[in-house]
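Taking it in order: structure first as structure tokens, then the write-up.
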Amino acid sequence: MPSRDSAATRRRILEHAQRQFARHGYAACTVKGVADAAGVSPNLITRYFGGKDGLFLAAARVEIPVSDSFEGDRATLGSRLAASIVRRWFGEAGEDPLLVLQRASGERPEAAEALAAFLDTNSLEPLHRYLRDSGLDDADARNRAAAIDAFVLGVSTRRRVLRAELGDPAELEAWLGATIQRLADG
Numbered sequence: 496m497p498s499r500d501s502a503a504t505r506r507r508i509l510e511h512a513q514r515q516f517a518r519h520g521y522a523a524c525t526v527k528g529v530a531d532a533a534g535v536s537p538n539l540i541t542r543y544f545g546g547k548d549g550l551f552l553a554a555a556r557v558e559i560p561v562s563d564s565f566e567g568d569r570a571t572l573g574s575r576l577a578a579s580i581v582r583r584w585f586g587e588a589g590e591d592p593l594l595v596l597q598r599a600s601g602e603r604p605e606a607a608e609a610l611a612a613f614l615d616t617n618s619l620e621p622l623h624r625y626l627r628d629s630g631l632d633d634a635d636a637r638n639r640a641a642a643i644d645a646f647v648l649g650v651s652t653r654r655r656v657l658r659a660e661l662g663d664p665a666e667l668e669a670w671l672g673a674t675i676q677r678l679a680d681g
């Protein structure tokens, strides 16, 4: 099989794995189920990923640029963050690596660690720096960043992981934006 076909097959397997891990969590997903959905032999999953654990780690790899939300005046931070969040949540939820990690974090310690590391690196620390650089003292900036991070994670868990209805995107964005702004302003 040429390398181009191998790469395409690997991507197809990952897409189906992301959907299944996001919808069902780690425990309920099987190598055979992912292989069947992707139209491949389970042996290919073992070959490409080393089995279920390797497939999970590859499917849950998170690389999401968030720095755009931290550009601009603090007075509009809430609306920028909310717009970014709602775009992500109303995208293809079954393929969202963050959703994969959220659902699996109660089952797999490595998923919980990967989610915490992602949030620390890509949300909490950049937000802390942004708030500090906007004129807040370091401790206040850290506390406000932690409050925003916890709020967004809580809403995400409630509305995505526990499978509650997300609601109307515009209403959700307005509510998230106003709440995040209140937390940012103290």
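When you line the sequence shown up against our numbering, it's residues 496 to 681, in that order.
Every residue gets a Cβ at the ideal spot worked out from N, C-alpha and C, and that includes glycine.
Nearest-angstrom beta carbon gap, residue j and residue i [assumed within contact, 8 angstroms]
i	j	result
L622	D644	7 angstroms
A512	L539	About 12 angstroms; that fails the 8 angstroms criterion.
Element boundaries [alpha helix (DSSP H), containing residue i]
i	result
G649	D633 to S651
D548	K547 to A554
S574	L572 to W584
R627	E620 to D628
R655	First-last for R655: undefined, no H or E at that position.
CB of residue i within 8 angstroms of CB of residue j, strictly
i	j	result
R598	V656	yes
A554	V595	yes
A640	L572	no
E629	R569	In the sequence on display, residue 629 carries Ser and not Glu. Yes. Within cutoff.
S618	A607	no
Alpha-carbon to alpha-carbon, residue j and residue i
i	j	result
F544	A522	17 angstroms
D531	L552	19 angstroms
W584	E510	17 angstroms
R556	L610	10 angstroms
Cβ shell of residue i (< 6 angstroms), same chain only, five flanking positions each side left out
i	result
R654	L661
C524	Q515 and F516
Same chain, Cβ closer than 7 angstroms to residue i, five either side skipped, listed in chain order
i	result
A577	E668, L671, G672 and I675
Same chain, Cβ closer than 8 angstroms to residue i, neighbours up to 5 away in sequence not counted
i	result
V581	P664, L667, E668 and L671
A588	Its pLDDT being 49, under 50, A588 is placed unreliably by the model, and nothing is read from it.
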